[in-house]
Amino acid sequence: MSSSDFAKIGLIKNSDGSFTRIPEFIPSTAASSDLSNPVLTKDVPINPHNNTWARIYIPRRESSAAATKLPLIVFYHGGGFVVASAATTLFQNFCCNIVQELPAVMVSVDYRLAPEHRLPAAYDDGMEALHWIKTTDDEWLTEHADFSKCFLMGNSAGGNLAFHVAFRADQLLPVKIQGVVLHQPFFGGAERTPSEIRLANNSVIPLHMTDLAWDLALPVGSDRDHEYSNPMKRGVEVDKVKTQGWKVLVTGYEGDPVIDRQIEVVKMLRDKGVVVVQDFREGASHGIEFYDHSFAHTFSHVLKDFLLTF
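Have a look at this one:
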């Protein structure tokens, strides 16, 4: 891979083999507990050794409403497993919008990135964050979040992460997962799908960029048919989702190169007896909610309707 390939996804490869992420490529926003904001945020450490942490979001509420605990959404950000963080401005705005509109409490997990930490490192960090929530005495969560109404949610690579973490989740009480939200989940495969061919030069995630992300994220020597990338090839175990009675919401857009794979996953889950709600729409592509407020507002309503079924 050339330096120009890495630059396309915001990476600079250093002479010692390490990588530097270009700050201007994906800007970040600091947490703020300023009471003039409609949503308050703060960062908390998860595993200092791995430098993992989370950003907690709570809506500012009148004292009369504060006694009512809110659904807890554990969110995993996108970025192809190689860029972005829980502090990325796009995800900050996205999470604030959801927390304010639902309302809900959200924990946005910052996980280790590839290629320094290839999969399953991100899955391990996603699971570790759930165990941190299980044992935390953080007042923002203990006072505002209803641990019995917990939902795993991820966007793009984060949707892939939520998918795999769901199969690992165990012994989490008092945290009780009710459902999983796969928002434009990022999957792949060695054989091209019609949507990947049709949208190979997509302006948001062209095929050469998704190929590069998988090359950097998957275990060394693996191809895109590895179970982390392609759940259709390795028969990923989904019985836990069925036996737990969790519902799954899968969303996507016709203009997303990954749409065919998202539809395949919906079919696979349904064939296994999992209750799946799908929301596939026309007229947009991958990550549209981060750039168009009307789409963000629509997604918040789709998510709210899903949560109200519990």
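According to the numbering used here, the sequence shown is numbered sequentially starting from 96.
Each residue gets a CB set at the ideal place from its N, CA and C atoms; glycine is no exception.
Here the structure is a predicted model, which is why all the values come from computation and not from measurement.
By the beta-carbon neighbour count (other beta carbons within 10 angstroms, threshold 16), Phe-281 is buried.
Per DSSP, the beta-bridge partners of Asn-142 are Thr-147. Beta-bridge analysis with DSSP links Arg-376 to Tyr-348. The continuous stretches of beta strand (DSSP E) do not include Gln-279, and DSSP gives it neither H nor E. Counting only runs of 4 or more residues that sit fully inside the region 271-337, the alpha helix (DSSP H) segments are 289-293 and 302-312, in chain order. Beta-bridge partners assigned by DSSP to Tyr-171: Val-204 and Gly-249. A Cβ-Cβ separation of about 17 Å leaves Glu-234 out of contact with Ile-141 under the 8 Å criterion.
In the DSSP assignment, Arg-116 falls within the beta strand (DSSP E) that extends over 114-116. One alpha carbon belongs to Ser-123, the other to Leu-185, and they sit about 8 Å apart. Rounded to the nearest angstrom, the Cβ distance from Arg-207 to Asn-145 is 6 Å, consistent with a contact under 8 Å. Cβ neighbours of Phe-405 within its own chain (closer than 7 Å, five residues either side excluded): Lys-244, Gln-273 and Gly-274. In the three-state reduction of the DSSP assignment, Ser-180 falls in the coil class, being assigned neither a helical nor a strand state.
Lys-137 has Ile-151 as its beta-bridge partners, per DSSP. Relative to the Cα of Ser-113, the nearest Cα in the group Leu-311, Asn-255 and Leu-225 belongs to Leu-311. In the three-state scheme derived from DSSP, where H, G and I count as helix and E and B as strand, Ile-228 is classed as helix. The DSSP-derived three-state label of Val-370 is strand. Collapsing the DSSP output to three states places Ile-121 in coil. Taken atom to atom, the span from the alpha-carbon of Pro-210 to that of Asn-255 is near 17 Å.
DSSP places Phe-101 in the helix class (H, G or I) of the three-state scheme. Under the three-state reduction of DSSP, Lys-362 is assigned to helix. Per DSSP, the unbroken alpha helix (DSSP H) holding Lys-399 starts and ends at 388-402. Taking a cut-off of 8 Å for Cβ pairs, the region 166-183 and the region 366-376 do not touch, as fewer than three such pairs fall below it. Collapsing the DSSP output to three states places Val-260 in a helix.
Per DSSP, Leu-236 lies in no beta strand (DSSP E); the unbroken alpha helix (DSSP H) holding it starts and ends at 234-239. Annotation: the continuous beta strand (DSSP E) that includes Leu-106 extends over 106-108. In the structure shown, Leu-185 falls within a helical segment according to DSSP collapsed to helix, strand and coil. Fewer than three pairs of CB atoms, one per stretch, sit closer than 8 Å, so the region 377-384 makes no contact with the region 149-158.
For Val-194, same chain residues with a beta-carbon under 6 Å away, outside a window of 5 residues either side, are Val-134, Tyr-152, Pro-154 and Met-201 in chain order.
In this structure the region 279-299 lies against the region 344-353, because at least three pairs of beta carbons, one per stretch, are closer than 8 Å.
Sorting Phe-242, Asp-220 and Ile-228 by C-alpha distance to the C-alpha of His-259 places Asp-220 at the top. Taking 9 Å as the cut-off, the beta carbon of Phe-262 is found no closer than this to the beta carbon of Leu-167.
Going by C-alpha positions, Leu-130 is about 43 Å away from Gly-283.
Between Ala-181 and Asp-205, the C-beta spacing is below 9 Å.
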